[in-house]
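Colleague: Below is a structure I'd like to ask you about.
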Amino acid sequence: MKTPFITSVAAIIKKDLRAEFRARELVSLMGLFTLLSVLVFSFALELDREAREEAVSGVLWVTLIFASILGLNRGMAQERDQGGLDATLAAPVSRSAIYLGKLLGNFFFTAIVALVMLPLMTVLYGKNLLDAWVIGTTVIGVFGFAAIGTLLATLTVQTRAREALLPIAMLPIVLPFLLTAVRATTGLLNGAVEREWQSSLGMLAAITVIYFVMCLLLYRYVVEE
Amino acid sequence: MGEKPKLAASDLQIERRPQPRLLRILTVITALGFAGSLYLGLAAAGTDILQGEIQRIFYIHMPSFFGAFTAFGLTLVGGLIYLARRREKWDRIALAGVEVGLAFSLINLLTGSIWARPIWNTWWTWDPRLTSAAIMCLTYAAYLMLRAGIDDLDRRRAFMSVYGILAFVTVLITLFIIRIVPETIHPVIVGASPQNAQGGFEATSGVVMALIPSLLLWLIFMPLTLMWHRVRLENRIEALNRLKTQALSE
Amino acid sequence: MTEAPVIIEVERMSKVYGSLPALRGINFRVRRGEFVVLLGANGSGKSTLLRLLSGLGKPAAGLIRVGGWEMPGEAMAVRAQIGLVAHQPLLYENLTARENLDFYGALYGMGRAEREGRIQELLRELGLLKRADSLARTFSRGMKQRLSIARATLHQPDVLLLDEPYSGLDQAAAELFDAMLAAATGEGRTIIMSTHQLTRIPEAAERALVLSRGRISFDDAIGRRDMNAIYRSASA
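Protein chains in written order, with my numbering: chain A, 1 to 225; chain B, 226 to 475; chain C, 476 to 711.
This is how it looks when you write it as structure tokens:
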């Protein structure tokens, strides 16, 4: 009776990609925000060139987390406005499959924005971010944000304050990601010894896996009434 | 008009079950224990040679973190059991855990800050352990905020169980961060201190003698007693709300 | 006439939102092929009842059985047999009509070939073939409603749940809709439809349930009765 897991995940991803490819709403929203944020930080930190270089990884990650929140809120609003999520929930589809489908879509869109952001920051901040390890760290971090964000956005969209609560619910929970990711990126950019950034990267990967599994198991409790 | 009110005055009495005897005993033990541990830490234990009187704050600082650990741990357990069994009681225990744990971790941060002023020469530093403790507090503060934003009771309970489970990861990180990020300056009194630790002291038999009763008190008696009272209070609040909506919908 | 088998069973079901009871101990049975209209004022619990039947919520107490499957334990099996049309069209604005249907077809486990054939057939039946490849956001309210009927019947569900399907429909669309409902009952589908407009009870409807403050206050065949009188007495 139940629709196979992979089929459902694939259908949800396909739907999200199709809609986004047509409207380009999420990617352009997050992209524009990212551009503005990078420029604002660049102006704000311009006085001191050294400080600007030091701040690169902080700017990168703060921008990415807020861009993620923006995208997640908008994406969830799209699901909710026309009741699409309800119709999905009314189908005989595993709730974990819905989570995974939504998560992969969110991850994909944020990752596109992040990968455009890296060369942009390389140009504006004078630090080379186009390193395989930096890209890898960014992709893992963005996946972590999407893993937690997909669950929390589904939760907060059902609260009274809707969009307003997502940053409050999400920022403290993603702080461990932020800390380890910033640490790893800073180490990589400043040419620190391998051991130093690898331990942070390892920890980032570990908490990403832990939270992903937790959210996968807990998702069904935030979509029932 | 002129209809007889369907709610009689007697209905409006909120349940007043007397405190169970165990709770009364626990309350007395906790109160006496608190006084006793203060005496042990502030008077009976010897003054630290290097740090002087300020070291005595340790007898509250460290146990209060473990109290928070117990309380947040019960939030985790309450959340898991609530999701499995759907008994309101477990959600109330989870809520009590958050409030008590938050109070304890604020005591922990505050006492740490007071101690750091003379020893580290600063109120606050962005040390990994301090940072993670602050994150932990913020996470549970967010719990309370989120909880207030959900009107539907069933949803609120389920959602907050989920959030309470996720939030516990920040407690574990705070506990284990010195093992993961070794460059902390926060001293470890029991076990090997990190290389850079500043302000450590010997866990002499005098320190241990004063610490153990205090640790026992904060780890078990304080959170359990306070949470039990908090759960009873929540029972009354919900009973009152039920009566309110009943009265309004009649 | 032999009695059709029971397809929906609801026993002592209640649902609480906050501390406000939305449904208080509902009991009823629906036989296969029946067309039931659900009446009641706003806030009487109609939408809640339909949401629970469609597996979108869990009852606080009581039992729901659809086609022999029990909820919430076998909710997946129940969901597979139900088609839901809600107030909202439950469509994605940035997808075309065909893409919307294709997505939902996949969610109900229909294979690609099966999906394509069925979608084509439904679009033709509902007169949407010309607009099949335009975005749902460009559709009028009536067209969206037709498309959401297509979405709800795509997987050939045994039971159709309709929540206020007439809201926002113009006269022509409503008539087309009536014809579709008649056709659906002809095919042996069971229909439960909520409405608060007594003037808009379709001819095909055989039985009325009136909900009042979360309880069923009337449950009988419509026949030649005056619905206005029934409704007034039942929801008083």
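Backbone N, C-alpha and C fix where the C-beta goes; we use that ideal spot for every residue, glycine too.
So who's on the other strand from ASP695 (chain C), going by DSSP bridges?
Modeller: Against the third sequence, residue 695 (chain C) aligns to sequence position 220. The partner list for ASP695 (chain C) (beta bridge, DSSP) reads C:ALA683.
Colleague: Would you mind telling me which residues of chain B sit closer than 7 Å to TYR719 (chain C), beta carbon to beta carbon, in chain order?
Modeller: Lying before the first or after the last residue shown, residue 719 (chain C) is absent from chain C, which here runs from 476 to 711.
Colleague: Can you have a look at HIS562 (chain C) and say buried or exposed, based on whether 16 or more other CB atoms are within 10 angstroms of its CB?
Modeller: Residue 562 (chain C) sits at position 87 when you count from the first residue of the third sequence. So HIS562 (chain C) counts as exposed.
Colleague: Please determine, among A:PRO176, A:ARG162, A:ASN190, the residue with the shortest C-alpha to C-alpha distance to LYS127 (chain A).
Modeller: What you label residue 127 (chain A) is simply residue 127 of the first sequence in a count that begins at 1. For LYS127 (chain A), the nearest C-alpha among the options comes from A:ASN190.
Colleague: Kindly say whether ASP316 (chain B), judged by its beta-carbon, lies nearer than 9 Å to any beta-carbon of chain C.
Modeller: Start at 1 with the first residue of the second sequence, and residue 316 (chain B) comes out as number 91. It does not: the Cβ of ASP316 (chain B) has no partner Cβ on chain C nearer than 9 Å.
Colleague: Give me the chain B residues within the contact set of TYR706 (chain C), using Cβ-Cβ distance strictly less than 9 Å, ordered along the chain.
Modeller: Along the third sequence, one-based indexing puts residue 706 (chain C) at 231. By Cβ distance, chain B contributes nothing, its closest Cβ being about 22 Å from TYR706 (chain C), past 9 Å.
Colleague: Can you list the beta strand (DSSP E) stretches of 3 or more residues lying completely in the region 577-662 of chain C, in chain order?
Modeller: You should have 634-638.
Colleague: To which residues does DSSP link LYS490 (chain C) through a beta bridge?
Modeller: Along the third sequence, read from residue 1 onward, the residue named residue 490 (chain C) stands at position 15. BP columns for LYS490 (chain C) point to C:LEU498.
Colleague: What is the DSSP secondary structure of ILE375 (chain B), counted as helix, strand or coil?
Modeller: Translated into positions along the second sequence, residue 375 (chain B) becomes position 150. Reduced to three states, the DSSP call for ILE375 (chain B) is coil.
Colleague: From the DSSP output, read off the bridge partner residues of ALA536 (chain C).
Modeller: Taking the third sequence and counting its residues from 1, one reaches residue 536 (chain C) at position 61. Bridge partners of ALA536 (chain C): C:SER489.
Colleague: Using a Cβ-Cβ cutoff of 7 Å, what residues of the region 77-110 of chain A are near chain C? List them in chain order.
Modeller: From the region 77-110 of chain A, only GLN82, GLY83, GLY84, ASP86, ALA87, THR88, LEU89, ALA90, ALA91, PRO92, VAL93 have a Cβ closer than 7 Å to chain C.
Colleague: Between the region 573-586 of chain C and chain A, which residues of the former have CB atoms less than 7 Å from a CB of the latter, in chain order?
Modeller: The residues in question are GLU574, PHE578, TYR579, ALA581, LEU582, TYR583, GLY584.
Colleague: In the DSSP assignment, find the alpha helix (DSSP H) that holds THR185 (chain A) and state where it starts and stops.
Modeller: Residue mapping note: residue 185 (chain A) aligns to position 185 of the first sequence, counting from 1. Here the alpha helix (DSSP H) through THR185 (chain A) covers 165-189.
Colleague: Since ARG499 (chain C) and GLY689 (chain C) should fall inside the 8 Å C-beta cutoff, what is the C-beta to C-beta distance between them, to a whole number of angstroms?
Modeller: Here the question's residue 499 (chain C) lines up with position 24 in the third sequence. Here the question's residue 689 (chain C) lines up with position 214 in the third sequence. 4 Å between Cβ atoms; contact.
Colleague: Quick one, are the C-beta atoms of LEU582 (chain C) and ALA91 (chain A) less than 9 Å apart?
Modeller: Residue 582 (chain C) sits at position 107 when you count from the first residue of the third sequence. Residue 91 (chain A) sits at position 91 when you count from the first residue of the first sequence. Yes; because the gap between Cβ atoms is below 9 Å, this pair is in contact.
Colleague: Looking at ALA19 (chain A) and ALA603 (chain C), is the spacing between their C-beta atoms short of 9 Å?
Modeller: For the purposes of this step, residue 603 (chain C) is identified with residue 128 of the third sequence, where counting begins at 1. For the purposes of this step, residue 19 (chain A) is identified with residue 19 of the first sequence, where counting begins at 1. Just to set this straight, residue 603 (chain C) is Leu in the shown sequence, not Ala. Contact flag unset, no.
Colleague: Find out if the Cβ-Cβ distance for the pair THR450 (chain B), PRO176 (chain A) is shorter than 9 Å.
Modeller: Position 225 of the second sequence, counted from the start, is the residue given in the question as residue 450 (chain B). Position 176 of the first sequence, counted from the start, is the residue given in the question as residue 176 (chain A). For THR450 (chain B) and PRO176 (chain A), no; Cβs fall outside 9 Å.
Colleague: Would DSSP call ALA91 (chain A) helix, strand or coil?
Modeller: Here residue 91 (chain A) corresponds to residue number 91 of the first sequence, with the count starting at 1. Residue state, collapsed to three classes: coil.
Colleague: Relative to the C-alpha of GLN78 (chain A), which candidate in A:GLU25, A:TRP61, A:GLU53 has its C-alpha closest?
Modeller: Translated into the one-based positions of the first sequence, residue 78 (chain A) becomes position 78. Among A:GLU25, A:TRP61, A:GLU53, the Cα nearest to that of GLN78 (chain A) is on A:GLU25.
Colleague: For LEU369 (chain B), which of B:HIS411, B:ALA392, B:ASP379, B:THR350 has the nearest alpha-carbon?
Modeller: If you number the second sequence from 1, residue 369 (chain B) lands on position 144. Among B:HIS411, B:ALA392, B:ASP379, B:THR350, the Cα nearest to that of LEU369 (chain B) belongs to B:ALA392.
Colleague: If we cut at 9 Å on Cβ distances, does ARG160 (chain A) have a partner in chain B?
Modeller: Residue numbering aside, residue 160 (chain A) sits at position 160 when the first sequence is read from its first letter. Answer yes: the Cβ-Cβ gap between ARG160 (chain A) and chain B drops below 9 Å somewhere.
Colleague: When the Cα of THR138 (chain A) is compared with those of A:THR180, A:THR156, A:ARG220, A:MET170, which residue comes out closest?
Modeller: Within the first sequence, residue 138 (chain A) is the residue found at index 138, counting from 1. The candidate whose alpha carbon is nearest that of THR138 (chain A) is A:THR180.
Colleague: Would you say MET476 (chain C) faces chain B, with C-beta separation under 9 Å as the test?
Modeller: Looking up residue 476 (chain C) in the third sequence gives position 1. Because the pLDDT at MET476 (chain C) is just 46, under 50, the model does not fix this residue reliably, and the value given afterwards should be weighed accordingly. So, not an interface residue.
Colleague: Quick check on LYS533 (chain C) - is its C-beta less than 9 Å from some C-beta in chain B?
Modeller: For the purposes of this step, residue 533 (chain C) is identified with residue 58 of the third sequence, where counting begins at 1. Closer than 9 Å to some Cβ of chain B, the Cβ of LYS533 (chain C) qualifies, so yes.
Colleague: Relative to chain A, which residues along the region 299-311 of chain B have a C-beta separation below 7 Å, given in chain order?
Modeller: The residues in question are LEU308.
Colleague: Any beta carbon from chain A within less than 9 Å of ARG593 (chain C)'s own beta carbon?
Modeller: To locate residue 593 (chain C), count along the third sequence from 1; it is residue 118. Chain A contact via Cβ: absent.
Colleague: On a CA-only basis, which of A:THR150, A:ARG160, A:PHE143, A:ALA67 is nearest THR208 (chain A)? Give me that one, please.
Modeller: Here residue 208 (chain A) is taken as the residue at index 208 of the first sequence, counted from 1. Ranking A:THR150, A:ARG160, A:PHE143, A:ALA67 by Cα distance to THR208 (chain A) puts A:PHE143 first.
Colleague: Which ranges would you report for the alpha helix (DSSP H) in the region 343-389 of chain B if only whole runs of at least 4 residues count?
Modeller: For the region 343-389 of chain B, whole alpha helix (DSSP H) runs of length 4 or above, ordered along the chain, are 353-373.
Colleague: Three Cβ pairs or more, each shorter than 8 Å: is that satisfied between the region 117-126 of chain A and the region 47-64 of chain A?
Modeller: Yes, they touch.
Colleague: Starting from ILE65 (chain A), find everything on chain B with Cβ-Cβ shorter than 7 Å and list it in chain order.
Modeller: By 1-based counting over the first sequence, the position of residue 65 (chain A) is 65. Neighbours of ILE65 (chain A) on chain B: none; closest Cβ ~14 Å, over 7 Å.
Colleague: If you measure from the beta carbon of VAL394 (chain B) to each beta carbon in chain A, is any gap under 9 Å?
Modeller: Counting from 1 along the second sequence, the entry for residue 394 (chain B) is found at position 169. Yes, VAL394 (chain B) lies at the interface with chain A (some Cβ there is under 9 Å from its Cβ).
Colleague: Strictly by DSSP, which residues pair up with GLU545 (chain C)?
Modeller: Within the third sequence, residue 545 (chain C) is the residue found at index 70, counting from 1. Looking at the DSSP assignment, GLU545 (chain C) forms a beta bridge with C:ARG540.
Colleague: Helix, strand or coil for THR208 (chain A) per DSSP?
Modeller: Position 208 of the first sequence, counting from 1, holds the residue named residue 208 (chain A). THR208 (chain A): helix per DSSP, three-state reduction.
Colleague: If I'm right that ASN333 (chain B) touches ALA309 (chain B) with Cβ under 8 Å, what's the distance once you round it to whole angstroms?
Modeller: Reading the second sequence from its first residue, position 108 is the one you call residue 333 (chain B). Reading the second sequence from its first residue, position 84 is the one you call residue 309 (chain B). Not really, about 31 Å apart at Cβ, beyond 8 Å.
Colleague: Please list the partners that THR3 (chain A) has in chain C, where partner means a Cβ-to-Cβ separation under 7 Å.
Modeller: Residue mapping note: residue 3 (chain A) aligns to position 3 of the first sequence, counting from 1. Going along chain C in sequence order, the residues near THR3 (chain A) (Cβ under 7 Å) are LEU582, TYR583, GLY584.
Colleague: Considering only residues of the same chain and omitting the five flanking positions on each side of GLY515 (chain C), which have a CB-CB separation below 8 Å?
Modeller: Taking the third sequence and counting its residues from 1, the one referred to as residue 515 (chain C) is at position 40. The answer, listed in chain order, is LYS521, SER669, HIS671, VAL685, LEU686, SER687, SER710.
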